Amino acid sequence: MALYAIGDLHLSFAKEKPMDIFGDNWDGHPEKLKKGFSKLTDEDVCVICGDLSWGMGLEETVGDFKFIDSLPGRKIILKGNHDYWWCTASKAKKMFAENGITTIDILYNNAFEYGEYAICGTRGWFFEEEKDGAHDKKIMLREIMRLEASLKAAGDKKKLVFLHYPPIYQNYTCPEIIELLKKYEVRLCCYGHIHGKGCRFALNGWTGGTEYRLVSADFVNFAPVLLPYTR
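Residue numbering for the sequence shown follows our numbering, starting at 3 and increasing by one per position.
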């Protein structure tokens, strides 16, 4: 069993969605993802760091999630900023059950065991994402609470964190998230959200005792990244 990560699948089987806004390498990206996932086995685990589907409601995501379900491995998903379909975990799980989707779990205020490690995470947030600072702060505080709930759910396991937004990017840092990563001695933090030319500014490496990795689909050539925490 091996552990992988990828972010930002941006699927849209319900309606056509142009992807050139993210760069010129997104043509036919579902087939690229299918090829990239082919190296996984059904015993492997892949964390998908948000922005799974462009669907505006659950009914528009069925084809996208059936595609994800058809890929090898167990998939653990978390919310991204473009996941407008996201409602409640219970409603999503009900939709999965009604459509025979069996290989997808949801990371939301919880944690999943992976050997001696625990898979933790939440969406995260950029303070700059909205002009209304009060709105930003409210969302950020909620995301901090969700991340700590996930980390606490991991108990004594060694902790790996998966986010959608990077907690460090160029001149931006989220001190609240960084503090939690240090407090819970997080070994690895994978994140997505960054695309195209912006990837050159993303942090990939160690700082403050945590290794950071950008796993956006276009950055990793649409193939899940094998993480060093396997058994």
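Backbone N, C-alpha and C fix where the C-beta goes; we use that ideal spot for every residue, glycine too.
Nothing here was measured: the structure is a model prediction, and the numbers come from that model.
Taking K19 as the reference, give the member of K36, M58, K81 with the closest Cα.
Stepping through the sequence shown from its first residue, residue 19 is reached at position 17. Answer by Cα proximity: M58.
Could you tell me which residues DSSP puts in a beta bridge with V163?
Taking the first residue of the sequence shown as 1, we reach residue 163 at position 161. DSSP output for V163 lists C122, C191 as bridge partner(s).
W56 burial status per 10 Å Cβ neighbour count (16 or more: buried):
Position 54 of the sequence shown, counted from the start, is the residue given in the question as residue 56. Buried, because 16 or more other Cβ atoms sit within 10 Å of the Cβ of W56.
Evaluate the contact criterion for the region 40-56 versus the region 163-172: three or more CB pairs, one atom per stretch, below 8 Å.
The region 40-56 is in contact with the region 163-172.
Inspect the beta-carbon positions of P168 and Y193 and report whether they are closer than 8 Å.
Indexing the sequence shown from 1 puts residue 168 at position 166. Indexing the sequence shown from 1 puts residue 193 at position 191. Going by C-beta atoms, P168 is nearer than 8 Å to Y193.
What is the DSSP secondary structure of K17, reduced to helix, strand or coil?
The residue you call residue 17 lines up with position 15 of the sequence shown. Of the three classes helix, strand and coil, the one that applies to K17 here is coil, per DSSP.
Inspect the beta-carbon positions of Y174 and F224 and report whether they are closer than 8 Å.
The sequence position of residue 174 within the sequence shown is 172, counting from 1. The sequence position of residue 224 within the sequence shown is 222, counting from 1. Taking a C-beta distance under 8 Å as the contact criterion, Y174 and F224 do not qualify as a contact pair.
Could you check which residue in G210, T212, G211, S218 has the C-alpha nearest to that of A204?
Sequence index remark: in the sequence shown, residue 204 carries index 202 (1-based). Per the Cα distances, S218.
Three-state secondary structure (DSSP) of G200
Counting from 1 along the sequence shown, the entry for residue 200 is found at position 198. Looking at G200 - three-state DSSP - the assignment turns out to be helix.
The alpha helix (DSSP H) with K37 in it runs from where to where?
As a first step, residue 37 is located in the sequence shown; it is residue number 35 there, counting from the start. Counting along the chain, the alpha helix (DSSP H) containing K37 begins and ends at 31-39.
Tell me which residues share the same chain as P226 and place their Cβ nearer than 7 Å to its Cβ, disregarding the 5 neighbours each side in the sequence.
In the sequence shown, residue 226 corresponds to position 224, counting from 1. Closer than 7 Å at Cβ, skipping near neighbours: Y6, A7, I8, G38, F39, L42, C48.
DSSP three-state label for V217, please.
Within the sequence shown, residue 217 is the residue found at index 215, counting from 1. V217 falls in the coil class under three-state DSSP.
Pull the bridge partners of W211 from the DSSP assignment, please.
Translated into positions along the sequence shown, residue 211 becomes position 209. The displayed chain sequence assigns Gly, not Trp, to residue 211. None; G211 has no bridge partner.
What separation, rounded to the nearest whole angstrom, lies between the Cα atoms of L46 and A94?
Your numbering for residue 46 matches position 44 in the sequence shown. Your numbering for residue 94 matches position 92 in the sequence shown. It should be pointed out that residue 46 corresponds to Asp in this sequence rather than to Leu. So the alpha carbons of these two residues sit roughly 22 Å apart.
Could you check where the alpha helix (DSSP H) with L229 kicks off and where it finishes?
Position 227 of the sequence shown, counted from the start, is the residue given in the question as residue 229. Per DSSP, L229 belongs to no alpha helix (DSSP H) and is neither H nor E.
Candidates Y231, A4, D220, L109: closest to P32 by CA position
Walking along the sequence shown from the start, residue 32 turns up at place 30. For P32, the nearest C-alpha among the options comes from D220.
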